[in-house]
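Add 19 to a position in the sequence shown, counting from 1, and you land on the number used in the working numbering. For every residue, glycine included, the Cβ atom is placed at its ideal position computed from N, Cα and C. Owing to the predicted nature of the structure, the values given are computational and were not obtained by experimental measurement. Here is the structure we will look at.
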Amino acid sequence: MGRGGSYTLIDLAGRTFGRLTVLERVPNDDRYSRPRPLWLCQCKCGNKTVVIGANLRDGKTKSCGCLRKEKSAENSRKAREALKNARAHN
Ligand SMILES: [Zn+2]
20 MGRGGSYTLI DLAGRTFGRL TVLERVPNDD RYSRPRPLWL CQCKCGNKTV
70 VIGANLRDGK TKSCGCLRKE KSAENSRKAR EALKNARAHN
């Protein structure tokens, strides 16, 4: 009893991770040799995305991708400002 390689599915529905709110479980992706629980998530920006449950729990995935895009946009803006400041000092 309790054997057979089954694992306990952690129900993430309704939980939020960063910008993502978990909506529902979606069927496993057969691309992976070991099936991983996938979850459909609603991002605060309005996009929906499917995320591996472990990535949500580990904090690896916190948005549909918009967070990373915004960060890199901000980084390039900071880089431009730093360049401007460096020029101003010369
Ligand atoms: Zn988003």
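Asked                                                                                                                                         : Found
Tell me which same chain residues have a C-beta within less than 8 Å of the C-beta of L57, skipping the five on either side of it?            : R44, V45, P46, N47, D48, V69, V70, I71, G72
If we ignore side chains and look at the alpha-carbon of each, how far apart do K67 and N94 end up?                                           : 25 Å
Is S91 a contact residue of ligand 1, with contact defined as CB to any heavy atom under 8 Å?                                                 : no
Would L31 be called buried (16 or more neighbouring beta carbons within 10 Å of its own) or exposed?                                          : buried
Could you check what DSSP says for L57 in three-state terms: helix, strand or coil?                                                           : strand
Can you tell me whether C62 is buried or exposed? The criterion is at least 16 other CB atoms within 10 Å of its CB, across all chains shown. : buried
For the alpha helix (DSSP H) holding L75, just list the boundary residues, first then last.                                                   : 72 to 76
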